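K.L.:
Just passing along the structure, written as structure tokens.
Protein chains: 2
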Amino acid sequence: MALDTRARMIATAMRLFQRDGYAATGWRGLVDAAGTPWGSAHHHFPGGKEQLGVEAVALGSAGVLAALEECLARKPDVADAVQAWFAVAAENLTASQYECGCPVATVALETATTVPALGEACATAFHSWADRLTTALVEAGLPKRRAGDLACHTVAALEGALLLARSWRDIRPLQAAAQNVVTLIRMAQEAS
Amino acid sequence: MALDTRARMIATAMRLFQRDGYAATGWRGLVDAAGTPWGSAHHHFPGGKEQLGVEAVALGSAGVLAALEECLARKPDVADAVQAWFAVAAENLTASQYECGCPVATVALETATTVPALGEACATAFHSWADRLTTALVEAGLPKRRAGDLACHTVAALEGALLLARSWRDIRPLQAAAQNVVTLIRMAQEAS
DNA sequence: CGAACTATAGGACGATCGTCCTAACCTGCC
DNA sequence: GGCAGGTTAGGACGATCGTCCTATAGTTCG
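Which chain is which? The protein sequence lines are G and D, in order.
If you want my numbering, it's the position in the first sequence, counting the first as 1, plus 1314.
If you want my numbering, it's the position in the second sequence, counting the first as 1, plus 1314.
Laid out in structure tokens, this is it:
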């Protein structure tokens, strides 16, 4: 099955890119890890490694967004949903022995100023999360401007906390970030 | 002058590592950018690229810590100092055309689980900032536990905001993060 | 059956990687 | 002046990189 091979390559790329980075991950290591044929790499991704990177970032981005969506659906209160979102991130981190933090951040930092296509894919990913969060906060009654700022800060806090947690091999930064962000959201809700 | 060459190599490595990442930066590009002799690379860094990485991270870490220290010295109020710290980061980002965000974050994500020596150097860097911030918050009257959590969240917010700002080529995430963190600090001060 | 298309197989290719080596150069001290 | 140490010069070395190619196997439809 062709789709199976392609999808497996993208999924493996997402995992390796977030663990080792974009530059340090090669085609050969990728096809070895994915168990996919080395000969079809360029066939499935005629755009080369850059195309693979864009698709891997898109897949990771969609996964994080889906997790947020599910938290919002499960928890009627926005602050609770955000808390749950951070908990999912912490769970993924520990379950992977601190290998899988954010599927976008590593690639984003590596390619922000040097590989335009990848930089844009990462920027889009971050925007999609912040946008979804913004609408949720607006629906919770926050003024649009405050909702946007708070959503932006929430995404930043998640990313930074994931970075610290991965570096320290300790999920405490995620817990601290979640607690503080929840406080800010509750405060903003009361003020509106 | 020997020290001059070595120091220039480390400073250039710090800049290139944070722009392109650790894996994507090679010795040859480094000595070209630094204008230092290619033949002395291994002479000054017998530990190889890994040693260069550790020293570059240490230099970057010291720079960020020095900036925080200066903000704390200049502003008597902790919240004001943190605000100024974020402003310095934003200034560095725009002055470098969004190339220089955090000198540690890129390397940290790339090497957290794969290059122990570098991973530890990055963890130490983050800890040094959080520790300094914690003592400042304790001196401002916060209970130790709350000070630690807040310091951790502040560092995470700075890192995450730098990531978003670099990706979006927009310093607004840094401003939003600063504002929210300052709010949290002021609130904690009032509660104590 | 056989033609048309997609996927796999496996490797060639030049470029670049990090490491390491030897010869030359410089500077200061006997 | 001569000699020892640290520094620079420049490149060799094998490994690995991303890209691209031809040949084979599998599938789809006439």
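Each residue gets a CB set at the ideal place from its N, CA and C atoms; glycine is no exception.
The structure displayed is predicted, hence computed values, not measured ones.
Taking the straight line between their C-alpha atoms, what separation do you get for Q1503(G) and R1322(G)?
P.N.:
Those two C-alpha atoms are separated by around 43 Å.
K.L.:
Using 10 angstroms around the beta-carbon of A1327(G), count the other beta-carbons present and answer buried if the total reaches 16, otherwise exposed.
P.N.:
Per the 10 Å Cβ criterion, buried.
K.L.:
Taking all protein chains shown into account, decide if T1339(G) is buried (16 or more other Cβ within 10 angstroms of its Cβ) or exposed.
P.N.:
With 16 or more Cβ atoms within 10 Å of its Cβ, T1339(G) is classed as buried.
K.L.:
Quick one: list the residues of chain D neighbouring P1457(G), beta-carbon separation under 9 Å, in chain order.
P.N.:
Those do not exist, as P1457(G) stays about 14 Å from chain D at its closest Cβ, beyond 9 Å.
K.L.:
Around the C-beta of A1316(G), are 16 or more other C-beta atoms found within 10 angstroms, so that it is buried, or is it exposed?
P.N.:
Confidence in A1316(G) is poor, its pLDDT being 48 and thus under 50, which makes the residue's placement unreliable; the coordinate value appears in the next sentence. Flag for A1316(G) reads exposed.
K.L.:
Within 10 angstroms of the Cβ of P1430(G), are there 16 or more other Cβ atoms? Answer buried if so, exposed if not.
P.N.:
By the neighbour-count rule (16 or more Cβ atoms within 10 Å), P1430(G) is not buried but exposed.
K.L.:
Across the stretch 1447-1456 of chain D and the stretch 1389-1406 of chain G, are there enough close Cβ pairs to call them in contact, namely three or more that are closer than 8 Å?
P.N.:
No, the stretch 1447-1456 of chain D does not touch the stretch 1389-1406 of chain G.
K.L.:
Measuring only from the beta carbon, is V1396(G) closer than 7 Å to any heavy atom that is part of the ligand FMN?
P.N.:
Looking for the ligand FMN in the displayed structure turns up nothing, as the structure carries no ligands at all.
K.L.:
So, does the CB of V1452(D) fall closer than 8 Å to a CB anywhere in chain G?
P.N.:
Cβ-Cβ to chain G under 8 Å: no for V1452(D).
K.L.:
Against chain G, with Cβ distances strictly below 8 Å, would H1467(D) count as a contact?
P.N.:
H1467(D) counts as touching chain G.
K.L.:
Helix, strand or coil for D1346(D) per DSSP?
P.N.:
Helix at D1346(D).
K.L.:
In whole angstroms, what is the alpha-carbon distance linking S1442(G) and G1349(G)?
P.N.:
Cα to Cα, the separation comes out at about 32 Å.
K.L.:
Inspect the beta-carbon positions of S1410(D) and A1426(G) and report whether they are closer than 8 Å.
P.N.:
The answer is no: Cβ separation not under 8 Å.
K.L.:
Please list the residues of the stretch 1358-1388 of chain G that have a C-beta atom closer than 7 Å to any C-beta atom in chain D, keeping them in chain order.
P.N.:
Against chain D - using a Cβ distance shorter than 7 Å - the stretch 1358-1388 of chain G contributes no residues.
K.L.:
Can you name the start and end residues of the alpha helix (DSSP H) that L1456(G) belongs to?
P.N.:
Where L1456(G) is concerned, there is no enclosing alpha helix (DSSP H), given that its DSSP letter is neither H nor E.
K.L.:
Starting from E1259(G), trace the alpha helix (DSSP H) in both directions and tell me its first and last residue.
P.N.:
No answer is possible for residue 1259(G): it lies beyond the span of chain G, which begins at 1315 and ends at 1506.
K.L.:
With a Cβ-Cβ cutoff of 8 Å, do V1371(D) and V1402(D) count as a contact?
P.N.:
Taking 8 Å as the Cβ cut-off, V1371(D) and V1402(D) do not qualify as a contacting pair.
K.L.:
For the structure I just gave you, are there three or more beta carbon pairs, one from the stretch 1358-1374 of chain D and one from the stretch 1355-1373 of chain G, closer than 8 Å?
P.N.:
In short, these stretches do not touch, since the Cβ pair count stays below three.
K.L.:
Strictly under 8 Å for the Cβ-Cβ distance: is S1481(D) near chain G by that measure?
P.N.:
So, interface residue.
K.L.:
Quick check: what's the CA-CA separation for P1351(D) versus Q1365(D)?
P.N.:
Roughly 18 Å separates the two Cα atoms.
K.L.:
Output needed in chain order: residues of the stretch 1472-1496 of chain G with a Cβ under 9 Å from some Cβ in chain D.
P.N.:
Residues passing the 9 Å Cβ filter: L1472, E1473, G1474, A1475, L1476, L1477, L1478, A1479, R1480, S1481, W1482, R1483, R1486, P1487, L1488, Q1489, A1490, A1491, Q1493, N1494, V1495.
K.L.:
For E1424(G), would you say it is in contact with chain D, using Cβ-to-Cβ distances shorter than 8 Å as the test?
P.N.:
Answer yes: the Cβ-Cβ gap between E1424(G) and chain D drops below 8 Å somewhere.
K.L.:
Inspect the beta-carbon positions of Q1493(D) and C1414(D) and report whether they are closer than 8 Å.
P.N.:
The answer is no: Cβ separation not under 8 Å.
K.L.:
Since I believe A1404(G) is in contact with I1485(G) (beta carbons under 8 Å), could you give me their beta-carbon distance rounded to a whole number of angstroms?
P.N.:
At roughly 4 Å, the Cβ-Cβ gap stays under 8 Å, so I1485(G) and A1404(G) are in contact.
K.L.:
Just tell me which of D1318(D), L1456(D), A1470(D), A1505(D) has its CA closest to the CA of A1437(D).
P.N.:
Checking every option, the nearest Cα to that of A1437(D) belongs to A1470(D).
K.L.:
Secondary structure at P1351(D), three-state DSSP: helix, strand or coil?
P.N.:
Reduced to three states, the DSSP call for P1351(D) is coil.
K.L.:
In three-state DSSP terms, what is M1315(G)?
P.N.:
For M1315(G), the predicted model reports a pLDDT of 49, less than 50, meaning its position is unreliable and no value from the coordinates is stated.
K.L.:
Using a Cβ-Cβ cut-off of 7 Å (strictly less than) and excluding sequence neighbours within five positions of E1473(G), which residues of its own chain qualify?
P.N.:
Excluding positions up to five away in sequence, the list reads C1416, A1419.
K.L.:
Going by CA-CA distance only, name the one from A1491(G), A1435(G), H1358(G) that's closest to A1376(G).
P.N.:
When only C-alpha atoms are compared, the closest one is A1435(G).
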